Amino acid sequence: MSKISLILKMFWLPSIVIIIWGVLSWVPTVLQFLCRQSPGHLSMFH
Numbered sequence: 001m002s003k004i005s006l007i008l009k010m011f012w013l014p015s016i017v018i019i020i021w022g023v024l025s026w027v028p029t030v031l032q033f034l035c036r037q038s039p040g041h042l043s044m045f046h
């Protein structure tokens with residue numbers, strides 16, 4: 001049981017870090033896209 005949980009932890013932590021890094025790397029692109037779509041609402045992000 002402890003071995004399985006250890007393996008799960010070893011796989012979960014890198015995948016969570018990769019997911020968070022991917023989301024953070026996509027945020028500026030999404031913000032730029034939203035700013036292009038509606039410049040009036042999101043002018044504060046410029």
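Once you know that position 43 of the sequence shown is 43 in the UniProt record's numbering, the rest is easy, because the numbers rise by one and skip nothing. No residue lacks a Cβ here, since even glycine has one placed at the ideal position from N, Cα and C. These figures come from a predicted structure and were not determined experimentally.
Backbone CA spacing between residue i and residue j [nearest angstrom]
i	j	result
L13	P28	24 Å
S2	L24	33 Å
I20	R36	25 Å
L31	M10	33 Å
Where the alpha helix (DSSP H) through residue i begins and ends
i	result
S38	Neither: S38 is in no alpha helix (DSSP H) and is coded neither H nor E.
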